[in-house]
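Engineer: Take a look at this one; I'll ask things after.
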Amino acid sequence: MQEQLKEQAITKPKEEQKNGGNFGSEDKIMPKIRLSRTSKGANKLRAYRVLIDDKYVGVIHRNQTKEFEVDFGEHTIQCTIDWERSNHITVDIQDDLEELEVIAKGVFESAIRAIFPFDGRDKYLTLSKKSK
1 MQEQLKEQAI TKPKEEQKNG GNFGSEDKIM PKIRLSRTSK GANKLRAYRV
51 LIDDKYVGVI HRNQTKEFEV DFGEHTIQCT IDWERSNHIT VDIQDDLEEL
101 EVIAKGVFES AIRAIFPFDG RDKYLTLSKK SK
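Residue 96 in UniProt numbering is what sits at position 96 of the sequence shown, and the numbering runs on without skipping anything.
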């Protein structure tokens with residue numbers, strides 16, 4: 001019997017031992033930012049980099065939806081591709097999910113922009129809250 005208790009004490013994490021074995025029994029629900037990318041745009045084969053709070057968290061490809069776990073509270077999201085980028089969007093996460101979408105300029109708009117890039121680097125991609 002004592003050997004069994006000793007074995008349990010060795011295999012269980014210390015936090016679990018302190019809390020009477022209940023540590024981790026309640027799963028913490030992490031809020032998420034769900035980002036969707038449409039099929040529109042000239043960069044169909046390329047991925048956009050996703051930044052949350054100015055930290056790289058991953059990429060998103062054409063016709064893809066991805067979820068990124070965040071803490072509750074305010075977060076700033078932006079997408080980039082090469083030197084081009086989206087606007088910043090700030091969301092205050094109070095629920096478990098915030099849905100956003102990123103849209104690129106079309107092929108014609110991209111061609112014109114390559115010749116006359118006067119509207120700023122943060123206008124190539126548009127990041128917005130997804131309409132429900």
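We treat Cβ as the ideally placed atom computed from N, Cα and C, and that holds for glycine.
These numbers were taken from a predicted model, which means no experiment stands behind them.
Let's see if you can read the secondary structure: which residues bound the beta strand (DSSP E) around residue 54?
Structural biologist: It is not in any beta strand (DSSP E) - residue 54 carries neither H nor E in the DSSP assignment.
Engineer: Could you please give the first and the last residue of the uninterrupted beta strand (DSSP E) stretch that includes residue 38?
Structural biologist: It is not in any beta strand (DSSP E) - residue 38 carries neither H nor E in the DSSP assignment.
Engineer: Please list the terminal residues of the continuous beta strand (DSSP E) segment that includes residue 72.
Structural biologist: Segment: none, residue 72 is in no beta strand (DSSP E) and carries neither H nor E.
Engineer: For the pair the stretch 85-94 and the stretch 58-69, tell me if three or more CB-CB distances fall below 8 Å.
Structural biologist: Because the criterion of three Cβ pairs below 8 Å is not met, the stretch 85-94 and the stretch 58-69 do not touch.
Engineer: DSSP on residue 129, reduced to helix/strand/coil?
Structural biologist: Strand, per DSSP.
Engineer: To which residues does DSSP link residue 95 through a beta bridge?
Structural biologist: Note: residue 95 sits in no beta bridge, so no partner.
Engineer: In three-state terms, what does DSSP make of residue 104?
Structural biologist: Residue 104 falls in the strand class under three-state DSSP.
Engineer: Check this for me: beta carbons of residue 56 and residue 84, under 8 Å apart or not?
Structural biologist: The answer is no: Cβ separation not under 8 Å.
Engineer: Give a yes or no on whether the C-beta atoms belonging to residue 40 and residue 97 are separated by under 8 Å.
Structural biologist: No, Cβ-Cβ distance for residue 40 and residue 97 is not below 8 Å.
Engineer: Our contact map puts residue 51 next to residue 80 with C-beta atoms below 8 Å; I'd like the distance itself, whole angstroms only.
Structural biologist: Correct: roughly 7 Å between the Cβ atoms.
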